[in-house]
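Residue numbers (full-length UniProt numbering): 1 to 710.
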């Protein structure tokens with residue numbers, strides 16, 4: 001094994017062969033979904049999460065290695081590189097520790113220590129640290145008096161010489177690492193309210209006088225404190241176990257000679273400097289750790305939201321509720337195309353309300369949409385009741401459904417929204433998005449910046465670069481898990497297909513519009529920019545419904561069609577007869593169809609796909625019907641049991657929509673009688689749950705909920 005494999009194994013404990021092959025595939029440009037789905041023989045069946053971790057560590061190792069080369073080159077040019085130092089640098093596995101090793105050799109501006117050395121005071125520093133120094137102190141120091149260098153007294157000599165010791169201690173890689181480790185493992189975060197600061201809504205009240213160990217503080221608390229400091233309401237610091245660390249430094253540098261007291265003062269001063277420097281590093285490490293935890297929560301929430309069950313290819317009436325400017329509606333067909341749109345006013349007097357009733361009744365009777373999707377924003381409950389009365393009175397089968405509209409307004413005002421419907425008002429676009437969101441959440445939500453969907457935790461406070469990559473990877477994973485219909489998909493969906501990017505997606509759609517629908521996957525190769533590599537990475541995820549080759553509607557990769565043909569030949573039937581035929585499929589012996597490149601994992605995946613070709617991994621859609629009794633927070637009471645929908649999950653609890661214009665919070669302690677480490681393992685956005693109301697604050701619009709008390 002090479003060094004990079006050892007490095008990754010130390011962190012992930014995966015088989016070396018899996019790591020080596022995954023690295024090769026990543027270097028060839030393969031994507032996580034492609035590797036996980038179609039290269040199981042090479043990776044040993046690694047999933048996307050494991051592949052992503054290998055990729056992250058691979059990039060870290062290579063950055064670390066490049067930095068090592070730069071540092072070795074710099075120290076070599078200074079003629080200061082020893083075999084011991086080279087070995088330390090080459091064996092270093094952390095960026096911070098590598099920079100500690102380089103610190104004494106790093107080009108720096110002129111310091112008091114370098115001035116002291118220039119004035120010939122290095123022997124003084126050596127003597128101060130020497131075990132064998134036995135000379136008379138003043139007599140020794142007087143040798144270095146030099147009026148031309150402003151060293152007029154022995155005090156001048158000592159005042160300057162100590163900076164050599166201070167710098168030596170400050171740049172000691174071992175000491176810095178000890179301090180850093182102590183800050184991470186034993187450090188305490190102390191936050192206080194900043195003097196004269198104004199916290200208008202007492203948002204940060206819990207952190208006015210707050211202490212917690214660095215190693216155990218939850219991400220949401222640290223990010224809240226961090227934000228409070230940024231908003232100049234809080235101030236916080238990290239308290240190190242200074243005395244313990246100082247004892248270690250003293251033991252290393254004090255040698256019980258006549259300079260012991262002087263060296264002790266140097267060590268104490270240096271320790272303050274080290275702690276200030278290392279505190280920044282510990283903060284950064286804590287920020288990255290908290291960001292990673294918060295981002296992981298966001299990713300899980302986003303995945304759940306993207307993988308919500310679609311209503312499917314049915315006609316839907318979408319309504320974006322409004323009071324003063326009216327409620328906008330849009331009717332879409334089975335493919336999401338706009339049929340009709342308009343505005344109704346239900347709060348401008350009896351005449352307008354009756355007009356709205358007639359308009360919607362006529363629309364529903366003439367078009368019979370399967371569902372009526374109503375955005376869950378302001379006035380949603382009133383519109384839901386308005387629609388429910390119409391459908392009930394007129395015996396209309398269209399089912400009203402409340403839909404989470406977070407981000408719909410962002411889509412409406414976006415360039416994507418303008419490009420799709422340039423002639424429409426921004427509010428009508430919102431109603432279209434709400435309808436499409438019920439029809440196929442994945443296809444519609446990919447058009448919106450995930451940060452606008454409202455399922456994150458402190459998403460504006462985390463590392464934005466990390467966040468963007470993580471969310472993009474999540475969308476890519478979901479899109480490829482479901483697969484994409486190449487003849488109906490927008491470029492906004494196609495750009496997330498394995499091997500694609502925005503440019504390829506747009507050109508793909510342009511080609512389709514100019515040449516008509518695709519009838520088989522092989523036709524992709526006619527497109528000049530569609531290279532063999534792009535075809536390899538994307539073909540299995542691109543589906544053609546009702547094409548000339550029935551396998552093109554499945555997740556079976558074209559590179560493995562020959563296996564299916566051999567299976568069909570064995571049973572003396574057409575491929576079409578084999579698909580979904582459990583009697584034949586259960587007789588297939590997988591080992592008969594393996595070869596050098598395609599082993600049992602691939603053949604078994606093919607068999608699974610034959611059973612349910614092109615199957616949707618998302619669960620069955622079940623419309624959520626609101627409880628008609630409770631319309632506002634004023635209708636609620638303590639101990640009431642009500643059904644709701646989880647809208648967001650955080651480390652500290654879940655927010656649940658119970659249909660009263662204000663989400664309630666179920667704290668993690670109220671989710672279960674059993675200990676829960678990660679709430680996202682139990683609850684997900686979109687989950688339907690029964691809750692008990694355990695506390696109400698109508699003035700502050702706060703609803704406390706419990707699941708475990710049901």
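Backbone N, C-alpha and C fix where the C-beta goes; we use that ideal spot for every residue, glycine too.
Asked	Found
According to DSSP, residue 239 sits in a beta bridge with which residue or residues?	188
Strictly under 8 Å for the Cβ-Cβ distance: is residue 698 near chain C by that measure?	This model lacks chain C altogether, as it is built from one protein chain only.
Since residue 691 contacts residue 658 with CB under 8 Å, what's their CB separation in whole angstroms?	7 Å
Taking the alpha-carbon positions, what's the residue 607 to residue 575 distance?	12 Å
Helix, strand or coil for residue 486, going by three-state DSSP, please let me know.	coil
Count the other CB atoms, across all protein chains shown, that sit within 10 Å of the CB of residue 446; report buried if there are 16 or more and exposed otherwise.	buried
Give the secondary structure of residue 597 by DSSP, where H, G and I count as helix, E and B as strand, and everything else as coil.	coil
Evaluate the contact criterion for the stretch 317-329 versus the stretch 493-504: three or more CB pairs, one atom per stretch, below 8 Å.	no
Looking at the structure shown, is residue 661 part of a helix, part of a strand, or coil, going by DSSP?	coil
Output the distance between the C-alpha atoms of residue 162 and residue 200, rounded to the nearest integer angstrom.	49 Å
Among 431, 421 and 303, which residue has its Cα nearest to the Cα of residue 342?	431
Can you give me the C-alpha to C-alpha distance between residue 485 and residue 474, rounded to a whole angstrom?	19 Å
Would a C-beta distance cut-off of 8 Å place residue 655 and residue 220 closer than the cut-off?	no
Quick one: what does DSSP say residue 220 is sitting in, helix, strand or coil?	helix
Whose C-alpha, out of 695, 699 and 700, is nearest the C-alpha of residue 706?	695
Just verifying my parser: in three-state terms, what is the DSSP assignment at residue 360?	helix
Near residue 436, which residues of its chain fall below 6 Å by C-beta distance, leaving aside the five closest residues on each side in sequence?	336 and 444
According to DSSP, is residue 171 helix, strand or coil?	coil
From which residue to which residue does the alpha helix (DSSP H) around residue 387 run?	380-393
By DSSP, does residue 648 sit in helix, in strand, or in coil?	strand
Please classify residue 309: does DSSP put it in a helix, a strand, or coil?	coil
Confirm, please, whether the CB-CB distance from residue 384 to residue 623 is below 8 Å.	no
Spell out the partners DSSP gives residue 690 in its beta bridges.	643
Taking the alpha carbon of residue 562 as the point to measure from, which residue in 602, 580 and 542 has its own alpha carbon closest?	602
Spell out a yes or no on whether the stretch 543-561 and the stretch 40-47 are touching, meaning 3 or more CB-CB pairs, one atom from each, closer than 8 Å.	no
Roughly how many whole angstroms lie between the Cα atoms of residue 62 and residue 536?	27 Å
How big is the Cα-Cα spacing for residue 155 and residue 263?	15 Å
Pick helix, strand or coil for residue 15, following the three-state DSSP scheme.	coil
Tell me whether residue 582 sits in a helix, a strand or coil according to DSSP, three-state version.	helix
Can you tell me whether residue 347 is helix, strand or coil according to DSSP?	coil
Go through the stretch 425-452 residue by residue and report every complete run of the alpha helix (DSSP H) that reaches 4 residues or more, in order.	426-439 and 441-445
Does the Cβ of residue 521 have 16 or more other Cβ atoms within 10 Å, making it buried, or fewer, making it exposed?	buried
Give the secondary structure of residue 655 by DSSP, where H, G and I count as helix, E and B as strand, and everything else as coil.	strand
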